[in-house]
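Chemist: Sending over a structure as structure tokens; questions will come in a sec.
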């Protein structure tokens with residue numbers, strides 16, 4: 230969740246914040262006490278590959294509904310907080326199952342971020358294994374963020390009858406839209422991720438030079454070859470490659486309840502909203518698609534430091550978000566009549582007023598679109614320039630701005646949308 234740092238980046242994370250995060254923020258009382266942990270269960274896939282899996286159980290006899298998370302970042306790595314997250318689900322009465330995906334960390338096989346080839350069948354086989362365990366009541370939900378949001382979607386696409394709901398966050402079924410921006414690879418995030426993931430844990434990125442030209446040879450020049458990075462660089466436009474690495478059939482095949490979630494400052498929020506909008510209007514069952522938008526970025530840092538980037542957010546936003554996750558699972562996985570979604574399928578945080586609101590449609594009814602204009606006196610092309618945002622449009626004659634494009638001397642930029650704000 231917070232731990233998608235790649236290569237040596239995780240070492241830069243604020244260790245004090247990580248150490249302090251020993252319990253999920255929540256307003257919910259514990260329903261049960263935490264029980265035993267079954268570590269490193271070897272779950273066999275249909276091809277004989279074994280995936281390392283931890284099972285966290287409540288105290289008592291069971292059986293329990295299970296929340297499954299399948300991730301490539303290390304199921305017990307401290308910067309991912311999965312033991313803390315699993316403990317949260319357990320105290321709410323769920324078995325929590327956390328698995329290293331194929332080819333990562335303690336799991337066998339080869340990691341290929343191809344949802345159709347690996348993640349869909351592996352999700353099916355894992356769900357099948359859970360449903361057959363003595364501690365399971367046969368009902369499974371999935372939760373995950375970013376790549377383990379992908380694997381949650383993959384589980385839904387698999388169609389296993391034991392999977393009754395999923396909550397994927399900060400991601401999209403359409404990997405092209407989530408990865409590319411107008412035909413350009415986001416090298417600082419997705420590109421770095423692709424290179425680092427070419428290893429059982431993380432590939433060393435210490436020699437990576439982001440100024441290397443041609444960029445397509447950046448990984449090889451750093452001694453960190455990555456076939457997936459090469460494929461990304463070779464496919465800047467929609468192609469069969471993206472069809473193979475997505476699960477686009479999920480847009481029409483998923484009929485179980487989905488909680489699509491993201492944050493205002495996450496760089497995948499647009500595709501996340503697009504997924505919800507399509508599935509809420511075109512699926513066979515449209516009334517069970519929910520959307521949750523919090524104040525966070527890709528790492529949901531307000532849970533830790535009550536700010537996103539340099540913008541402060543109110544205390545309690547993390548608890549509100551986690552309580553919404555729990556309410557979703559209580560309704561659809563636990564089967565409780567708790568009224569989740571009764572005020573509207575959309576639950577969103579409003580920056581500035583620091584409050585949560587509900588809506589039936591997006592944008593909410595009564596929304597007024599207000600244009601904001603880019604203006605200057607002709608010198609907006611430097612950091613000390615006179616560019617500004619204006620509520621009023623430019624006049625008939627106004628100075629224009631220009632800059633020289635030199636790929637050997639690129640213009641750097643800072644996005645408000647962020648992946649690594651704890652780094």
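Residue numbers (my numbering): 230 to 652. Every residue gets a Cβ at the ideal spot worked out from N, C-alpha and C, and that includes glycine.
On the DSSP letters alone, give me the boundaries of the alpha helix (DSSP H) that residue 267 sits inside.
Modeler: Against the chain shown, residue 267 aligns to sequence position 38. Note, residue 267: premise wrong, no alpha helix (DSSP H); beta strand (DSSP E) at 263 to 273.
Chemist: Exposed or buried, what is residue 288 when buried is set at 16 or more other beta-carbons lying within 10 Å of its beta-carbon?
Modeler: Locating residue 288 in the chain shown gives position 59, where the first residue counts as 1. Exposed is the call here.
Chemist: Looking only at its own chain, which residues have a Cβ that is under 7 Å from the Cβ of residue 245, when we skip the five neighbours before and after it?
Modeler: To locate residue 245, count along the chain shown from 1; it is residue 16. In this prediction, residue 245 scores a pLDDT of 48, lower than 50, which makes its location untrustworthy; the coordinate-derived value is nonetheless stated afterwards. If we look at residue 245 and ignore the five residues flanking it on each side, it has no Cβ neighbours.
Chemist: Pick out the complete beta strand (DSSP E) segments inside the segment 577 to 635, 3 residues or longer, and give them in chain order.
Modeler: Qualifying beta strand (DSSP E) stretches, in chain order: 584 to 588, 602 to 604 and 617 to 619.
Chemist: Starting from the C-beta of residue 505, find all residues in its chain whose C-beta is less than 7 Å away, skip the five residues before and the five after it, and write them out in chain order.
Modeler: Taking the first residue of the chain shown as 1, we reach residue 505 at position 276. Once the five neighbours on either side are set aside, the close Cβ partners of residue 505 are 489, 518 and 520.
Chemist: Any idea if residue 379 is buried or exposed, counting beta-carbon neighbours within 10 angstroms, 16 or more meaning buried?
Modeler: Against the chain shown, residue 379 aligns to sequence position 150. So residue 379 counts as buried.
Chemist: Along the alpha helix (DSSP H) that carries residue 461, what are the first and last residues, could you check?
Modeler: For the purposes of this step, residue 461 is taken as the residue at position 232 of the chain shown. 456 to 463 is the extent of the alpha helix (DSSP H) around residue 461.
Chemist: Provide the residue(s) that pair with residue 372 in DSSP beta bridges, ordered along the chain.
Modeler: Mapped onto the chain shown, residue 372 falls at position 143. Residue 372 pairs with 396.
Chemist: Tell me which residues share the same chain as residue 616 and place their Cβ nearer than 6 Å to its Cβ, disregarding the 5 neighbours each side in the sequence.
Modeler: For the purposes of this step, residue 616 is taken as the residue at position 387 of the chain shown. If we look at residue 616 and ignore the five residues flanking it on each side, its Cβ neighbours are 605 and 609.
Chemist: Spatial neighbours of residue 618 within its chain, please: C-beta separation below 8 Å, excluding the five flanking residues on both sides.
Modeler: Sequence index remark: in the chain shown, residue 618 carries index 389 (1-based). Excluding positions up to five away in sequence, the list reads 601, 602, 603 and 604.
Chemist: Assuming residue 442 and residue 636 form a contact by the criterion Cβ under 8 Å, report the distance between their Cβ atoms to the nearest whole angstrom.
Modeler: The sequence position of residue 442 within the chain shown is 213, counting from 1. The sequence position of residue 636 within the chain shown is 407, counting from 1. With 8 Å as the limit, residue 442 and residue 636 qualify as a contact, their Cβ atoms being about 7 Å apart.
Chemist: Secondary structure at residue 572, three-state DSSP: helix, strand or coil?
Modeler: Position 343 of the chain shown, counted from the first residue, corresponds to residue 572. Of the three classes helix, strand and coil, the one that applies to residue 572 here is coil, per DSSP.
Chemist: Kindly indicate which residue of 508, 553 and 545 has the alpha-carbon position closest to the one of residue 385.
Modeler: Position 156 of the chain shown holds residue 385. Considering only alpha carbons, the answer is 508.
Chemist: Going by DSSP in three states, residue 487 sits in which element: helix, strand or coil?
Modeler: Reading the chain shown from its first residue, position 258 is the one you call residue 487. In the structure shown, residue 487 sits in a strand (DSSP, three-state: E or B).
Chemist: What's the C-alpha gap between residue 547 and residue 250?
Modeler: The sequence position of residue 547 within the chain shown is 318, counting from 1. The sequence position of residue 250 within the chain shown is 21, counting from 1. Their backbone Cα atoms lie some 12 Å apart in a straight line.
Chemist: Use the C-beta contact count for residue 354: other C-beta atoms within 10 angstroms, 16 or more gives buried, fewer gives exposed.
Modeler: By 1-based counting over the chain shown, the position of residue 354 is 125. The residue is buried, with at least 16 neighbouring Cβ atoms inside 10 Å.
Chemist: My output table needs one value for residue 482: the three-state DSSP class, helix, strand or coil.
Modeler: What you label residue 482 is simply residue 253 of the chain shown in a count that begins at 1. In the structure shown, residue 482 sits in a helix (DSSP, three-state: H, G or I).
Chemist: Taking DSSP as the reference, what is the three-state secondary structure of residue 260?
Modeler: Here residue 260 is taken as the residue at index 31 of the chain shown, counted from 1. Looking at residue 260 - three-state DSSP - the assignment turns out to be coil, as it is neither helix nor strand.
Chemist: So which of 377, 475 and 535 has the shortest CA-CA distance to residue 327?
Modeler: As a position in the chain shown, residue 327 is number 98, starting the count at 1. Nearest option by C-alpha distance: 377.
Chemist: Applying the 10 Å Cβ sphere with the 16-neighbour rule, what's the burial state of residue 309?
Modeler: Here the question's residue 309 lines up with position 80 in the chain shown. Buried, by the Cβ-count rule.
Chemist: Do residue 324 and residue 364 come within 8 Å of each other at the CB atom, strictly closer than that value?
Modeler: Position 135 of the chain shown, counted from the start, is the residue given in the question as residue 364. Position 95 of the chain shown, counted from the start, is the residue given in the question as residue 324. Cβ distance < 8 Å, so residue 364 and residue 324 count as in contact.
Chemist: Quick check: the segment 292 to 299 against the segment 358 to 374, are there 3 or more CB pairs under 8 Å?
Modeler: The segment 292 to 299 vs the segment 358 to 374: in contact.
Chemist: Just verifying my parser: in three-state terms, what is the DSSP assignment at residue 410?
Modeler: Taking the first residue of the chain shown as 1, we reach residue 410 at position 181. Strand at residue 410.
Chemist: Since residue 653 and residue 480 are thought to touch, with beta carbons under 8 Å apart, how far apart are those beta carbons, to the nearest angstrom?
Modeler: The structure shown does not extend to residue 653, since the chain spans only 230 to 652, so no value can be given for it.
Chemist: May I ask which residues mark the beginning and end of the alpha helix (DSSP H) holding residue 353?
Modeler: For the purposes of this step, residue 353 is taken as residue 124 along the chain shown, with counting starting at 1. Per DSSP, residue 353 belongs to the alpha helix (DSSP H) from 349 to 360.
Chemist: Which residues bound the beta strand (DSSP E) around residue 283?
Modeler: Numbered from 1 along the chain shown, position 54 holds the residue referred to as residue 283. It spans 279 to 287 - the beta strand (DSSP E) in which residue 283 sits, taken as one unbroken run.
Chemist: Any idea which residues DSSP pairs residue 299 with across the strands?
Modeler: Translated into positions along the chain shown, residue 299 becomes position 70. Beta-bridge pairing links residue 299 to 328.
Chemist: How is residue 366 classed by DSSP in three states: helix, strand or coil?
Modeler: Here residue 366 corresponds to residue number 137 of the chain shown, with the count starting at 1. Residue 366: strand per DSSP, three-state reduction.
Chemist: I need the straight-line Cα distance from residue 334 to residue 424, nearest angstrom please.
Modeler: Here residue 334 refers to the residue found at position 105 of the chain shown. Here residue 424 refers to the residue found at position 195 of the chain shown. Taking the straight line from one Cα to the other gives about 16 Å.
Chemist: Can you tell me whether residue 632 is buried or exposed? The criterion is at least 16 other CB atoms within 10 Å of its CB, across all chains shown.
Modeler: One-based indexing of the chain shown puts residue 632 at position 403. Residue 632 should be labelled exposed.
Chemist: Looking at C-alpha atoms only, which residue of 270, 522 and 487 is the closest neighbour of residue 514?
Modeler: The residue you call residue 514 lines up with position 285 of the chain shown. Selected option, being the one with the closest Cα: 487.
Chemist: Would you call the segment 463 to 474 and the segment 532 to 539 touching, i.e. three or more CB-CB distances under 8 Å?
Modeler: No, they do not touch.
Chemist: Indicate whether residue 313 and residue 356 have their beta-carbon atoms separated by less than 8 Å.
Modeler: Taking the first residue of the chain shown as 1, we reach residue 313 at position 84. Taking the first residue of the chain shown as 1, we reach residue 356 at position 127. No. Outside cutoff.
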